[in-house]
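**Q** Before anything else, here's the structure in question.
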Amino acid sequence: MLNEQAWDDWVLHRREIGHSIKPGTVTEKKNKNELLKYTYDQQQFIVDWAIDKGWRGLYSQSAMKHYQEAGFIERQSNTSWADDIGTFHDTNVRSIERK
Numbered sequence: 006m007l008n009e010q011a012w013d014d015w016v017l018h019r020r021e022i023g024h025s026i027k028p029g030t031v032t033e034k035k036n037k038n039e040l041l042k043y044t045y046d047q048q049q050f051i052v053d054w055a056i057d058k059g060w061r062g063l064y065s066q067s068a069m070k071h072y073q074e075a076g077f078i079e080r081q082s083n084t085s086w087a088d089d090i091g092t093f094h095d096t097n098v099r100s101i102e103r104k
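Right under this line is the structure:
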């Protein structure tokens, strides 16, 4: 599903830099298809990254490299933090019971 907010941000950015994306054009279709390869949050990251860099293109591979380096992908799939919460809770309950 297309992140409409990310798309609107992208269209506005392109308009502001003087390179509008006209509805129904090949550019619009290519950009939307590129975004659709990614999750909702990843689409926003790609657009935000491109806008921050002042780019005219999305360059999703470059953006996703930074997305991974920032640890976003690992955090989405890594649920070990939930185990840590349980361990922390159990340890604190035991220390309170001993008092």
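Quick note: the sequence shown uses the numbering used here, first residue 6, plus one each step.
Every residue, glycine too, gets a C-beta built ideally from N, C-alpha and C.
#1: Helix, strand or coil for Y72? Go by DSSP, reduced to three states.
#2: Contact defined as beta carbons within less than 8 angstroms: I believe G62 pairs with A55. What is the distance between those atoms, to the nearest angstrom?
#3: Along the chain, where does the alpha helix (DSSP H) containing W5 start, and where does it finish?
#4: Out of K35, D53, Y64 and Y72, which one is the CA nearest neighbour of L17?
#5: In whole angstroms, give me the CA-to-CA distance for F50 and D14.
**A** Well, looking at it:
#1: helix
#2: 7 angstroms
#3: No answer is possible for residue 5: the residues shown for the chain start at 6 and end at 104.
#4: D53
#5: 11 angstroms
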